[in-house]
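Enquirer: What follows is a structure written as structure tokens; I'll ask about it next.
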Amino acid sequence: MPDAQAGFEKGLTAMLPALAGANLIYGSGMLEMGQTISLEQLVIDNDIICMINSLLKGMNVTESRLSLDEIEEVGIGGHFISRASTRKNMNGQSNPLIFDRNMRGSWERNGQKDAALAAHEKVEWILENHNPCGLDRDVVKELEAFIARRDKEFLRQLV
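The opening residue of the sequence shown carries number 37 in our numbering; numbering runs sequentially from there.
Put into structure tokens, the structure is as follows:
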């Protein structure tokens, strides 16, 4: 089952290649050095990767988002959490599906779900509700023809 250590390791092993410019994150859903696949871990890894992608896109820094007038108004010792501009500007940043960013009181009222339980509930929902659509027959035929051609090319190289 996914735990804090798995989350920490997954975050690091996804962040470093992403920062280096990799466009493929390996190991989603894997635990125990790839010996175990966990659907819950896959859902958690999806959130981690989405947050990393959001981070890599950077922040939209504009005069209105900087809110310098508001910073001056609130001043030292004040807080911004209840300001309308904070709520407005925090939207559009990383919004994870699994990780709960509510205050403790709200988290407690909502059942005190940790990431593993929230991921498990998401997995259950997906398994019950997802209805994948099939590929168009023409696309399937094209893919099969492509694979057959590549198989022949590969076999010729072996001889």
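By construction, the Cβ of each residue, glycine as well, lies at the ideal position given by its N, Cα and C atoms.
If we count Cβ pairs, one from each stretch, closer than 8 angstroms, do we get three or more for the region 70-88 versus the region 152-160?
Expert: Touching, yes, given that three or more Cβ pairs across the two stretches are closer than 8 angstroms.
Enquirer: Along the chain, where does the alpha helix (DSSP H) containing H156 start, and where does it finish?
Expert: That run of the alpha helix (DSSP H) goes A151 to N165.
Enquirer: Hey, S64 and P38: beta-carbon distance below 9 angstroms or not?
Expert: Not a contact, by the Cβ cut-off of 9 angstroms.
Enquirer: Do N125 and D136 have their C-beta atoms closer together than 9 angstroms?
Expert: Cβ distance not < 9 angstroms, so N125 and D136 don't count as in contact.
Enquirer: For I84, which beta-bridge partners are listed by DSSP?
Expert: Beta-bridge pairing links I84 to no other residue.
Enquirer: Give the straight-line distance between the Cα atoms of E76 and I162, rounded to the nearest whole angstrom.
Expert: Roughly 11 angstroms separates the two Cα atoms.
Enquirer: If you draw a straight line from the C-alpha of G114 to the C-alpha of K93, how long is it?
Expert: Roughly 30 angstroms between the two C-alpha positions.
Enquirer: Please report the Cβ distance between M87 and P132, rounded to the nearest whole angstrom; I am assuming they are in contact, meaning their Cβ atoms lie under 8 angstroms.
Expert: Yes, they are in contact, since the Cβ atoms of M87 and P132 sit about 6 angstroms apart, within 8 angstroms.
Enquirer: With a Cβ-Cβ cutoff of 9 angstroms, do G43 and I84 count as a contact?
Expert: Cβ distance < 9 angstroms, so G43 and I84 count as in contact.
Enquirer: Mapping DSSP to helix, strand and coil, what is I73?
Expert: Residue state, collapsed to three classes: strand.
Enquirer: L67 by DSSP, collapsed to three states: which one?
Expert: Of the three classes helix, strand and coil, the one that applies to L67 here is strand, per DSSP.
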